[in-house]
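The numbers in UniProt numbering rise by one with no breaks, and the one at position 83 of the sequence shown is 83.
One structure is given below, encoded as structure tokens.
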Amino acid sequence: MRDCWAEDPAVRPDFPTIRSRLKKLKSGKSRNIMDQMMDMMEKYANNLEELVTERTRLLIEEKQKTEDLLHRMLPKSVARRLTTGEGVEPESFDSVTIYFSDIVGFTAMSAESTPLQVVNFLNDLYTVFDRIIRGYDVYKVETIGDAYMVVSGLPIRNNDRHVGEIASMALELLNAVKSHKISHRPNEILKLRIGIHTGAVVAGVVGLTMPRYCLFGDTVNTASRMESNGEPLRIHISPSCKQALDKLGGYVVEPRGTIPIKGKGQLQTYWLVGATEKAIQKRPVEGEERPLF
């Protein structure tokens with residue numbers, strides 16, 4: 001009895017020990033109501049331990065799902081800092097490369113399709129895109145409808161490789177689109193339009209309920225202009241992107257000519273048409289991303 005009153009819980013005997021001691025005291029005597037109560041309390045304790053173990057396992061699984069979701073919404077290094085309670089201050093990056101793409105004729109196609117067909121089409125397409133970009137040092141910033149935005153060179157800087165990572169990725173995405181079939185319009189060719197620009201940005205986490213890693217600066221606008229002023233199934237790049245690719249080496253670029261760009265006036269732009277053996281190569285990807293739910 002005195003052992004059961006010990007202040008340290010670790011010193012107190014458990015139910016099997018108590019039962020064993022009581023049996024020794026009552027050796028040879030018949031079972032009574034106290035024995036039955038001890039049996040019930042022991043079973044209750046065992047069930048409680050199993051319940052706690054199961055609830056703990058479920059809690060760990062839900063915590064892992066939450067962390068996985070956060071890692072898909074934000075860059076991994078940023079997500080890790082948030083989960084450990086650290087603040088994430090806005091940061092300036094002198095040189096990154098931004099990719100924009102959209103689907104020419106998407107609005108007309110959506111008007112002629114059911115909402116479910118549009119959702120299934122985008123899901124199929126972005127599943128292909130997401131699988132491809134995993135092989136490059138890039139971060140998918142966002143997708144809005146048919147618009148797809150990717151950046152390289154942040155939040156972890158990669159020297160001058162960012163322009164090559166985006167260029168190689170863009171060439172592979174364009175090649176994949178040429179053979180991609182639209183399930184509800186199998187005879188229609190998917191016309192992807194791509195724009196790329198290299199420059200400086202400021203990046204930071206915006207929002208509390210649904211945090212997003214956002215990019216700010218003229219570089220974002222110029223990359224978007226490269227896309228909107230491009231042509232279907234071509235990769236339109238800015239002068240700064242072309243200079244960065246020339247410095248890195250391994251890419252084939254052709255001049256497009258001088259065109260008017262909103263906010264920039266007349267600008268000499270280029271087409272990215274191919275890559276050589278010296279270009280940035282895709283990294284091997286281990287396994288598939290597991291579903292969140």
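All residues carry an ideal CB built from backbone N, CA and C; glycine is no exception.
Residue pairing by DSSP places V206 opposite R212 in a beta bridge.
One thing to note: I98 has its Cβ no nearer than 8 angstroms to the Cβ of A10.
Its Cα nearest to that of I144, the residue F106 stands out among F106, L116, N159. For T198, the number of other beta carbons within 10 angstroms of its own is at least 16, and it is reported as buried. 8 angstroms or more divides the Cβ of L154 from the Cβ of I235. The beta-carbon separation of G204 and C214, rounded to 7 angstroms, stays under the 8 angstroms limit for a contact. By the Cβ criterion, the segment 155-163 is in contact with the segment 239-258, since at least three pairs of Cβ atoms, one from each stretch, lie closer than 8 angstroms. The DSSP assignment places complete beta strand (DSSP E) segments of no fewer than 3 residues inside the UniProt domain "Guanylate cyclase" (97-227) at 139-144, 147-152, 192-206, 212-216, in order along the chain.
For the options A170, L122, G274, the alpha carbon positioned closest to that of F100 is the one of A170. Contact annotation, Y270 with V253: C-beta distance approximately 5 angstroms; criterion of less than 8 angstroms satisfied. Straight across, the Cα-Cα distance linking E42 with K282 is about 59 angstroms. Pairing G195 with M226 gives a Cβ-Cβ distance under 8 angstroms. G257 is the residue among G274, S77, G257 whose C-alpha sits nearest the C-alpha of Q266. In the DSSP annotation of this structure, the continuous segment of the beta strand (DSSP E) that includes T269 starts and ends at 265-275.
Taking the Cα positions, F216 is about 5 angstroms away from V202.
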